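Counting with our numbering, you get residues 1 to 840 for the letters of the first sequence.
Just so it is clear, CB atoms sit at the ideal spot from N, CA and C, and this is done for glycine as well.
These figures come from a predicted structure and were not determined experimentally.
Before any comments, here is the structure.
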Amino acid sequence: MKYNPSLIEKKWQKKWSEINSFRANIDYSKPKYYVLEMFPYPSGAIHMGHVRNYTLGDLVARYKKAQGFNVLHPMGWDSFGLPAENAAIENKTHPSKWTNSNIKNMKAQLMQMGLSYDWDRELSTCDPNYYKFEQKMFLDFYKAGIAYKKETLVNWDPVENTVLANEQVVDGRGWRSGAEVEKKKMKGWFLKISHFADDLLNEIDNLSEWPDKVKTMQRNWIGKSFGALIKFSLVNSSEKISVFTTRPDTIFGATFIAISPQHPLAKEISDKDSKAADFIKFCEKNSSKEADIEKAEKHGYKTKLSVFHPFKNGVKLQIFIANFILMDYGTGAIFGCPAHDQRDYDFAVKYSLEILPVIKTKEDLPFVGDGIHINSEFLNGLNTNSAIKTCMKKLHELEIGEEKITYRIRDWGVSRQRYWGCPIPIIFCINCGEVPVPEEHLPITLPEDINFNIQGNPLDNHPTWKHVKCPKCNKKAIRETDTFDTFFESSWYFARFTDLNPSSAFSKKAIKYWMPVDQYIGGVEHAVMHLLYSRFFMRALKYVNSIDLEEPFTSLQTQGMVCHQTFKNKNDQWIYPNDVIKKNSEYLHFQTKEPVKAGRIEKMSKSKKNVVDPQQIIENYGADTARFFMLSDSPPNRDMEWSDSGVEGSWRFLNKLWKFVKTLPNNNSRDELPKNISIKGKELLTFMNTTIKDVTKAIDEFHFNIAVAQIRSLFNLVSSYKIENENDSKIVLFITRKLLIIINPMVPHLAEELWYSLGNENSISYECWPKADSRYIKKNNIKIPIQVNGKVRAVIQVPIDLDKSEIEEIALKEKNVLKFLDKNPKKVIVVPNRVVNFVI
RNA sequence: GCGAGCGUGGCGGAAUGGUAGACGCACUGGACUUAAAAUCCAGAGUCCGAUAAGGACGUGGGGGUUCAAGUCCCCCCGCUCGUACCA
Numbered sequence: 001m002k003y004n005p006s007l008i009e010k011k012w013q014k015k016w017s018e019i020n021s022f023r024a025n026i027d028y029s030k031p032k033y034y035v036l037e038m039f040p041y042p043s044g045a046i047h048m049g050h051v052r053n054y055t056l057g058d059l060v061a062r063y064k065k066a067q068g069f070n071v072l073h074p075m076g077w078d079s080f081g082l083p084a085e086n087a088a089i090e091n092k093t094h095p096s097k098w099t100n101s102n103i104k105n106m107k108a109q110l111m112q113m114g115l116s117y118d119w120d121r122e123l124s125t126c127d128p129n130y131y132k133f134e135q136k137m138f139l140d141f142y143k144a145g146i147a148y149k150k151e152t153l154v155n156w157d158p159v160e161n162t163v164l165a166n167e168q169v170v171d172g173r174g175w176r177s178g179a180e181v182e183k184k185k186m187k188g189w190f191l192k193i194s195h196f197a198d199d200l201l202n203e204i205d206n207l208s209e210w211p212d213k214v215k216t217m218q219r220n221w222i223g224k225s226f227g228a229l230i231k232f233s234l235v236n237s238s239e240k241i242s243v244f245t246t247r248p249d250t251i252f253g254a255t256f257i258a259i260s261p262q263h264p265l266a267k268e269i270s271d272k273d274s275k276a277a278d279f280i281k282f283c284e285k286n287s288s289k290e291a292d293i294e295k296a297e298k299h300g301y302k303t304k305l306s307v308f309h310p311f312k313n314g315v316k317l318q319i320f321i322a323n324f325i326l327m328d329y330g331t332g333a334i335f336g337c338p339a340h341d342q343r344d345y346d347f348a349v350k351y352s353l354e355i356l357p358v359i360k361t362k363e364d365l366p367f368v369g370d371g372i373h374i375n376s377e378f379l380n381g382l383n384t385n386s387a388i389k390t391c392m393k394k395l396h397e398l399e400i401g402e403e404k405i406t407y408r409i410r411d412w413g414v415s416r417q418r419y420w421g422c423p424i425p426i427i428f429c430i431n432c433g434e435v436p437v438p439e440e441h442l443p444i445t446l447p448e449d450i451n452f453n454i455q456g457n458p459l460d461n462h463p464t465w466k467h468v469k470c471p472k473c474n475k476k477a478i479r480e481t482d483t484f485d486t487f488f489e490s491s492w493y494f495a496r497f498t499d500l501n502p503s504s505a506f507s508k509k510a511i512k513y514w515m516p517v518d519q520y521i522g523g524v525e526h527a528v529m530h531l532l533y534s535r536f537f538m539r540a541l542k543y544v545n546s547i548d549l550e551e552p553f554t555s556l557q558t559q560g561m562v563c564h565q566t567f568k569n570k571n572d573q574w575i576y577p578n579d580v581i582k583k584n585s586e587y588l589h590f591q592t593k594e595p596v597k598a599g600r601i602e603k604m605s606k607s608k609k610n611v612v613d614p615q616q617i618i619e620n621y622g623a624d625t626a627r628f629f630m631l632s633d634s635p636p637n638r639d640m641e642w643s644d645s646g647v648e649g650s651w652r653f654l655n656k657l658w659k660f661v662k663t664l665p666n667n668n669s670r671d672e673l674p675k676n677i678s679i680k681g682k683e684l685l686t687f688m689n690t691t692i693k694d695v696t697k698a699i700d701e702f703h704f705n706i707a708v709a710q711i712r713s714l715f716n717l718v719s720s721y722k723i724e725n726e727n728d729s730k731i732v733l734f735i736t737r738k739l740l741i742i743i744n745p746m747v748p749h750l751a752e753e754l755w756y757s758l759g760n761e762n763s764i765s766y767e768c769w770p771k772a773d774s775r776y777i778k779k780n781n782i783k784i785p786i787q788v789n790g791k792v793r794a795v796i797q798v799p800i801d802l803d804k805s806e807i808e809e810i811a812l813k814e815k816n817v818l819k820f821l822d823k824n825p826k827k828v829i830v831v832p833n834r835v836v837n838f839v840i
């Protein structure tokens, strides 16, 4: 019988579902293990990125189950979001219809992959039964003072009458309308993540099982910096302007002041100065993306105002409005010290401002390093650190400044002017102002009858939905028509999975047993925002006594992207890999037979057409082959290349495995070894035990590609073993059983089928993960390289743990070593069991 | 721009500071076949050498630390992710 994946995969998926193999229940007799992959946005069909992510998670889930853990492995849908609205506009389908049909389709696809999810715990964030809890959470946050409303600038498309996401602004224009995007002030809801900034920062140190790169990125994102607030007095005015600086020591090098176009003072100035108003307008045309702001050419407008230098008598500093000063950081105003700051330097050169060095250096300006201060009166002769301290003291004395800690992180804006999101439970009343919706009125659900032909927010345009009576005074009032940012939903779904009870968001018992998530796996693109918001959310929920937990994820693994070769035809148009055939190392178009140019290997994306549909792969090769290939080539945290030949290789291997097990003498598999084991048999068992040890280590360290390589090696060895007698047969069977158990988390359908064909009666998923038998692993002899001046000249085989002197003696007998030892060695380095190096 | 990561044969990748290239793919030769596919066996970093022994070179580039560097340090180049309203 040939290996027929479509047959056996369906069979086992059905069986697992019948016996509820993966249903998770609280069981205090076992240690728990919660594996979670980042849930998908239901975009329509699964892509290779999903296949990779969920294959990794499934391996962990099945591996941990085999190790005796009580495993929770759930899956759900991050189903609110912008694409559903775009689809609604383009295809005239309702977001909910579109979303739910996508979910149905994608769920069927995930089912085909044989993933060990407890589908009883499936959730979808656009379901009122999910989002009703987050309306309650928001009210709790609001009452506790960690949710508040403030004014913010948004991208406004004047043609569509819509707020645009950064992604929808292309070269300063709306992607659909093509209209020039304007900045518009709008009020929106914010969560006080800044209140938890210190804790979020400090606790990073305790996330020992997180990748360092993610921790570093989060630290930098929070961006705590120690500095000073300095108040400058305006000339001819009683007003003062505060600036934040991390380098108060360079104050004597200050030659100008720059403020953000959104600074209140800029507003004041523009009221009287039309050119200033024009300049601010010009700045507002620019992109609001940080990258664009930083890369944009620096522009400034010289106002008529200036300030007094706090220490230099009679010296005045001109105030500029400048496009590169961010209102959100520090005080939205800086003093410019061109000699010791790159940006200030560029600005000073452009506007011919004075560049006054205050730190001694031989290097070119700007010099941003540490050094001895000059031209700085009472700071002269001091290094940076002492100059900062001395300056701070002086600022205190004169009562014009103080120490100040600032954070780069800004409060989280959660308002979106969109339909397909969770409604924010606030009512605006002319008499009573903001009124939280009474809890008994929750959930506030979205109206179904919406019109996407009218531009703007459908909730705002809806004829009746927003008109309500004020819960306090019963007079006419209107609902908040903003909905939540979808990061809101993804900030607590992992906790919800532990118990889907309808009455409250969390059950204490379930949270206590299952949380935190032991292993969280997802794309590295979420390294900061989603993961930081989730960490914040748990703290915020704790703050309002909703949950007793801080860190949501104990161990984190981030996966790289799935890439594929790109192809273009002679007209430089992208070609689907499916339409390309290879002939004599040349690529041709399948239909036209025209030559095709092979381009770079890039992240799979629809625009470049270098996508491979997982559905096709599963249909052609089966889920196990797709899974096995996903695991075999690249380490999970790196980008991987999907290659057709690589898939073929995995397919071939699984076929070999199939054939090998199917042709074994079926003598009712028993987990036992014969009494007499030949030398050859012992060698094989040594290899098996070493493999078990190494595979276990590789899986623990998330190096699944190494685990695959080692399993392949074991298979190569055991399948080429010549069975000569009953004892050999028993050994091979014994090893094959172990091989199937350790490959089961990778290719569960195949492993299960072969397991039964060996005569076993229970699912392989109930088998325990094998332990390496240390008696077999111990080696007697070891190979040691002999070097002369660091170059290998020979390799010797010696008993393990041999004396240094004896190793040296043996090494000196090697012909090729002697050939290079024309002098007496100056030094001999012998590292037992490792290396010998003669230095001449 | 800033923050973070990555860079090893023809390709994906392996390697506690200690024999660079495990395992696989592609390739080449052979077996099987009327033939092809599939399968099985063997070979293989590059160059010199005889297809040997052996040697030289070799982990993006340049420098450094060390008896010894893919691995540690400094500088540079390239690519990727994030950059706060995509998810």
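Contiguous beta strand (DSSP E) assignments of at least 3 residues, all confined to the stretch 30-66 = 32-37
Residues near L191 by beta carbon distance below 8 Å, same chain, minus five either side | F141, I146, A147, D411, W412, V414, F536, A540
Between which two residues does the alpha helix (DSSP H) containing H396 stretch?
-> 384-397
Would you grab the beta carbon distance between I444 and W189 for me? Rounded to a whole angstrom, and I think it's under 8 Å.
-> I444 to W189, Cβ: 14 Å. No contact.
CB-CB under 7 Å to S650, same chain, minus the five flanking residues each way: which ones, in chain order?
-> T625, F628, F629, S632
Where does C283 land, buried or exposed, given buried means 16+ other C-beta within 10 angstroms?
-> buried
Hey, S116 and F22: beta-carbon distance below 7 Å or not?
-> Judged by beta-carbon spacing, F22 lies within the 7 Å limit of S116, meaning their Cβ atoms are closer than that value.
How about R479 and I427: do their beta carbons lie closer than 7 Å?
-> yes
Span of the alpha helix (DSSP H) around Y142 | 128-144
Counted within 10 angstroms of its Cβ, other Cβ atoms place D694 as buried (16 or more) or exposed = buried
Q846 by DSSP, collapsed to three states: which one?
-> What is shown of the chain runs 1 to 840, which leaves residue 846 out entirely.
Could you give the DSSP three-state label for R496: helix, strand or coil?
-> helix
Of all the options I222, D249, W221, L265, which has the alpha carbon lying nearest to the alpha carbon of S242?
-> L265
Ignoring anything shorter than 3 residues or poking outside the stretch 143-185, list the beta strand (DSSP E) runs there in chain order.
-> 147-157, 162-164
For G81, the three-state DSSP class (helix, strand or coil) | coil
Is S720 near D78, with beta carbons less than 7 Å apart?
-> Taking the C-beta atoms as reference points, D78 is found no nearer than 7 Å to S720.
Opening and closing residue of the alpha helix (DSSP H) in which C473 lies | C473 -> no alpha helix (DSSP H), and no H or E assigned at all.
Through-space distance from L717 to L684, alpha-carbon basis = Going from the Cα of L684 to the Cα of L717 covers about 8 Å.
Identify whether F347 lies in helix, strand or coil by the three-state DSSP scheme.
-> helix
Close Cβ partners of A179 (< 8 Å) along its chain, the five nearest in sequence each way excluded = D157, P158, V159, E160, R173
Would I784 pass as a contact of I796 if the rule is Cβ separation under 7 Å?
-> yes
W492 vs Y34 beta-carbon contact at 7 Å | no
Are A144 and V544 close, meaning C-beta to C-beta below 7 Å?
-> yes
Using DSSP bridges, identify the partner residues of S225.
-> T406
So, are the CB atoms of V845 and A527 less than 7 Å apart?
-> Residue 845 lies beyond the stretch modelled for the chain, which goes from 1 to 840, so this question has no answer here.
On a CA-only basis, which of G433, K815, D613, T686 is nearest K149? Give me that one, please.
-> G433
What's the C-alpha gap between W119 and M106?
-> 13 Å
Mind checking whether C126 and T99 have CB atoms under 7 Å apart?
-> In contact: C126 and T99 (Cβ atoms closer than 7 Å).
Alpha carbon to alpha carbon, how far is P436 from N571?
-> 59 Å
Measuring CA to CA, which of K662, R793, I575 is closest to G759?
-> K662
Candidates E18, P832, I692, G790: closest to E808 by CA position | P832
Identity of the residues DSSP links to Q519 by a beta bridge | Q519 is bridged to V35, S555.
Can you tell me whether DSSP reads N837 as helix, strand or coil?
-> strand
Flag this pair as yes or no: are the beta carbons of D897 and K298 separated by less than 7 Å?
-> Because the chain in this structure spans residues 1 to 840, residue 897 falls outside the shown range and cannot be described.
Cutoff 6 Å; reference D460; Cβ partners in own chain excluding five residues on either side | So the list reads T481, once near-sequence residues are dropped.
Buried or exposed: G81, going by 16 or more other Cβ atoms within 10 Å of its Cβ?
-> With 16 or more other Cβ atoms within 10 Å, it is buried.
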